[in-house]
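Numbering (this note's numbering), first residue to last: 131 to 567.
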Amino acid sequence: MTGDKMRLSSVSSALLLASGIGIIEAIALFFGSGIFLNMMGVSIVSPMRYPSEMFLKLRALGAPAVVLALAIQGVFRGFKDTKTPVFYLGVGNLSSVVLLPVLVYSLGLGVTGAALATVASQYLTTFLLIWSLGKRAEILPPKMKDLKSAGYIKSGGMLLGRTLAVLLTMTLGTAMATRLGPVAMAGHQICLQLWLAVSLLSDALAVSAQALIASAFAKLEYKKVKEVAYDALKIGVFAGIALAVGLGASFGRLAELFTKDPEVLQVVIVQVARALDSLLRGQGFNPCMLAIGLANQCKNLAICRRVRFVSASQPINALAFIFDGLHYGVSDFSYAAIAMMVVGAISSLFLLYAPKHYGLPGLWVGLTLFMGLRAVAGMLRLQSKSGPWWFLHSEDIKPKALGPSTDSIFSAGEEKMLDPAEPDSVRSDYDYATPTD
């Protein structure tokens, strides 16, 4: 502590590393926009080519702000402060809502205006987060030698691989939708945005569980970790079902907020519903078992339209996010990354094949397969007796702390933020003690 501010080298290391990654991303997206669009299936002669390339280049300028904001949100999670990031993210999003109609319609900038509004809101959010963090902790240490990036390079490298696996799978899905034509692409984007927006509501549960588990795990309070994990999973199932019901009941009206085009709405309402219909008839892998009761009465396509495929997959999505949060809480980054790479590879192979033969229904079965396998991988890890969740299967837990005593981390009844980059902090990535007989 220096004055009223905390001095944490891990915070400085994370912010500098995030800034560097953000700059690299911006350069790659800006100068490689044409290559990326070619990979997405947007040809040079396509009417979508020029606005897409302009939008991508402008959005690339916001990459440093986005990555830095994500890192700062992680710092606040370490402080167990989830309110501050939410507040400033809300301010940033509100600024985007105000700027979008002004730039797009009033000034007639169209797609360019949309990109500029988004980038401006991203930098505003990041500035506010930096300002708030600066009041609580020293952002830069007095000496550069105090920076310790080794821990972040190790765990961050694994998480980078995991993120790339997610992005490549989702990007492949969008690329396959692009090849189905502009109407199919528009319908897919509406479904995807609703799917992601509602699914990410479950991420709030994952973030809360991650923070609580990380704190308890660091203090070797395995009983509390077990309770939090089970409670999070139970709440996740019920939240997923509630989101499925809510989205299913309002899906048609929500879709109309994006477009009034009857052809696009036909794609959204009918084509995607066929994917759910095929799953309910038992054709192939069925990752919607938890949501099957919501559509049990679907005997034909007309009835199945009432239970949208995008809606019915919400319980699976909720569990996938929560399992990720649980594994991050015990610093099981290696497994999370490797599992995601395997899941991404399997799902990508499916996405390369299914849309060509089954159109958008095949595409959405592939995306649900992706989330379903994520949930399965997370569940399998909790079943393992040799991983970081060994205490779930042991009645007599006798851990041997490899790090310092809890008194060295939590003193005078005041909980402090753990510094994962410090060598004396509680170890991560399998540095735990299993009980011995």
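Glycine included, every Cβ here is placed at the ideal spot set by N, Cα and C. In this text, all values refer to a predicted model and were calculated from it rather than measured experimentally.
By the criterion of at least three beta-carbon pairs nearer than 8 Å, the segment 366-383 is in contact with the segment 440-455. Cβ-Cβ separation between ALA307 and MET315: approximately 5 Å, consistent with a contact (criterion under 8 Å). Bridge pairing for ALA267: MET136 [DSSP]. Between LEU324 and LEU482, the CB-CB gap reaches or exceeds 9 Å.
With fewer than 16 neighbouring CB atoms inside 10 Å of its own CB, HIS523 falls in the exposed class.
For LYS213, the three-state secondary structure derived from DSSP is helix.
In the structure shown, GLY370 falls within a helical segment according to DSSP collapsed to helix, strand and coil. The residue among SER477, MET509, TRP520 and SER142 with its C-alpha nearest the C-alpha of GLY264 is SER142. Between the C-alpha atoms of LEU503 and VAL473 there is a straight-line separation of about 6 Å.
In this chain, the alpha helix (DSSP H) harbouring HIS487 covers 463-513. Counting the other Cβ atoms within 10 Å of the Cβ of PHE500 gives 16 or more, which makes it buried. Between the segment 180-192 and the segment 205-213 there are fewer than three inter-stretch CB-CB distances shorter than 8 Å, so the stretches are not counted as touching. DSSP places MET178 outside both helix and strand once states are collapsed to three, so it counts as coil. Excluding five sequence positions before and after LEU239, the CB atoms of its chain that fall closer than 8 Å to its own CB belong to LEU233 and LEU246, given in chain order. Taking 8 Å as the upper bound for CB-CB distance, THR248 and ARG189 are in contact here, some 7 Å apart. Here the alpha carbon of THR214 sits roughly 21 Å from the alpha carbon of LEU270.
When Cβ pairs closer than 8 Å are counted between the two stretches, the segment 349-356 is seen not to touch the segment 502-516, the count staying below three. Going by DSSP, LEU239 is part of no alpha helix (DSSP H) at all; its letter is neither H nor E.
Rounded to the nearest whole angstrom, the CA to CA distance from SER461 to GLY220 is 29 Å. Taking 9 Å as the cut-off, the beta carbon of VAL440 is found closer than this to the beta carbon of CYS321. Here ARG189 carries a helix assignment [DSSP, helix/strand/coil].
The C-beta separation of PHE347 from VAL337 comes to about 16 Å, leaving the pair out of contact by the 8 Å criterion. The DSSP-derived three-state label of ARG292 is helix.
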